[in-house]
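Below is one structure, written out as C-alpha cells; comments come after it.
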Amino acid sequence: MPPSDRAPVPVVCAVLEDTAGRILIAQRPAHKHLGLLWEFPGGKVDPGETPAAALVRELTEELGCTVTITRTLEPFLHDYTRVIIEMFPFVCHLAPGSPAPAALEHLALRWVTPRELSSFDLAPADWPVVARYRADPPTACCGH
Numbered sequence: 010m011p012p013s014d015r016a017p018v019p020v021v022c023a024v025l026e027d028t029a030g031r032i033l034i035a036q037r038p039a040h041k042h043l044g045l046l047w048e049f050p051g052g053k054v055d056p057g058e059t060p061a062a063a064l065v066r067e068l069t070e071e072l073g074c075t076v077t078i079t080r081t082l083e084p085f086l087h088d089y090t091r092v093i094i095e096m097f098p099f100v101c102h103l104a105p106g107s108p109a110p111a112a113l114e115h116l117a118l119r120w121v122t123p124r125e126l127s128s129f130d131l132a133p134a135d136w137p138v139v140a141r142y143r144a145d146p147p148t149a150c151c152g153h
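Residues in the sequence shown are numbered from 10 upward in steps of one, following this note's numbering.
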C-alpha cells in the first residue's frame, strides 16, 4: 500500500520528569517490535479517546502510576515503514500520592538526565521527542 494510503496511528508518549529534573525511559521487551530499545512510555490512542486521556491510561497500565500533564510538545508523524504513527508527546510529573513507576510491561526503567539521553539506544520515533523537549525546556515556575 502506498504511504499516502495509510492513515497515521495516533500514539502518545510521556516525558516524565522527576523533581531532580531527570526523565524516565523504559526498555522495550525483547520479543516486541523494536525489542530492547529504550523509549518514552506511552502507547496507542483508543478510538474516541483524547491523547491526554490515552497518556494517563497508558501510564497507569504500563507503569502503575498516575501523572499530571504539565505541557504538550509539538505532535509529528513518523514512518516506521509498516505503519505511520502520529506522535503526541506530553511532559508530565507524578501526581501527588502516586506510587513510583514500576516496570509492569518493560524490561527496565531508568531515570536519566536530558543530557544522558544521547547515550541510550532510543526507538527512532523518540528522537524527535528529545529534540522537541530540548527546544522547549522547563520554565522556572512551579518549583522547577
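Glycine included, C-beta positions come from ideal geometry on N, C-alpha and C.
Starting from residue i, trace the alpha helix (DSSP H) in both directions and tell me its first and last residue.
i, result
"arginine 66", "60 to 72"
Between which two residues does the beta strand (DSSP E) carrying residue i extend?
i, result
"arginine 80", "76 to 81"
"proline 137", "No beta strand (DSSP E) contains proline 137, which is instead part of the alpha helix (DSSP H) from 136 to 144."
"aspartate 88", "85 to 88"
"valine 24", "18 to 26"
"arginine 119", "117 to 121"
"lysine 53", "51 to 53"
Taking Cβ positions, are residue i and residue j nearer each other than 9 Å?
i, j, result
"valine 24", "phenylalanine 99", "yes"
"isoleucine 94", "valine 139", "no"
"threonine 81", "glycine 106", "no"
"proline 110", "leucine 72", "yes"
"arginine 31", "tryptophan 136", "no"
"glutamate 26", "threonine 79", "yes"
"tyrosine 89", "alanine 29", "no"
Tell me which residues share the same chain as residue i and place their Cβ nearer than 6 Å to its Cβ, disregarding the 5 neighbours each side in the sequence.
i, result
"histidine 115", "Ala35 and Gln36"
"glutamate 67", "Gly51 and Gly52"
"alanine 132", "Leu43, Leu46 and Glu48"
"alanine 112", "Leu118"
In chain order, what residues of the same chain lie with their CB nearer than 7 Å to the CB of residue i, ignoring the 5 residues before and after it?
i, result
"aspartate 130", "Leu46 and Trp47"
Mind reading off the beta-carbon distance from residue i to residue j? Whole number of angstroms is fine, and I expect it under 8 Å.
i, j, result
"cysteine 101", "threonine 69", "That belief does not hold up - the Cβ atoms of cysteine 101 and threonine 69 are roughly 12 Å apart, past 8 Å."
"arginine 141", "glutamate 58", "That belief does not hold up - the Cβ atoms of arginine 141 and glutamate 58 are roughly 22 Å apart, past 8 Å."
Once the 5 residues before and after residue i are set aside, which same chain residues still bring their CB inside 8 Å of it?
i, result
"valine 92", "Arg15 and Val18"
"arginine 143", "Pro123"
Does any CB atom of chain E fall closer than 9 Å to the CB of residue i?
i, result
"alanine 39", "Within the model displayed, chain E is absent; a lone protein chain is all it includes."
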